[in-house]
Amino acid sequence: MFGKIVARIDIDNFKRLSEIRDKYGFSSNYEIIQYLVACFLRVADPEHDETEEPVPDEIKDMFADYSEAEKHFEFVKPKRKLPQYKLDEIHGQLRLWEN
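The sequence shown lines up with residues 0 to 98 when you count with numbering that gives the first Met the number 0.
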């Protein structure tokens, strides 16, 4: 069983992530996100980590500043799709309803 997490990042960061994907040989941006989540969980929840090898100090340091749960990044709120009647109004298409 799996859970799904959807994240939105601005286009500049998406391009940067894609360049890093290509540079380091990841198969997808999704693979990078899975890797980052696994690294974070090893640091944030070590008692449930099943990996035998110790977490490198560089990875611990990378997440240390986020331990205060303070907002350190610009959150991009997803936009909902407008209902069709609103899109019609925007485009000057009025719907006439018959009773």
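Heads up, the beta-carbon is just placed ideally off N, CA and C, and yes, glycines get one too. Predicted, not measured: the structure shown is a model, and the values here were computed from it.
Start-to-end residues for the alpha helix (DSSP H) that takes in residue i
i, result
"F46", "Looking at the sequence itself, residue 46 is Glu, so the reference to Phe does not match. E46 -> no alpha helix (DSSP H), and no H or E assigned at all."
"R20", "I10 to Y23"
"F1", "Element bounds for F1: n/a, residue is neither H nor E."
"K85", "Q83 to I89"
"K59", "D56 to A63"
Given residue i as reference, the closest of the options once Cα atoms are compared
i, options, result
"R41", "D56, E30 and N28", "D56"
Close Cβ partners of residue i (< 7 Å) along its chain, the five nearest in sequence each way excluded
i, result
"Q83", "none"
Through-space distance from residue j to residue i, alpha-carbon basis
i, j, result
"G24", "D9", "22 Å"
"V86", "E51", "A small correction: the amino acid at residue 86 is Leu; Val does not occupy that position in the sequence shown. Approximately 55 Å between the Cα atoms of the pair."
"E30", "A43", "20 Å"
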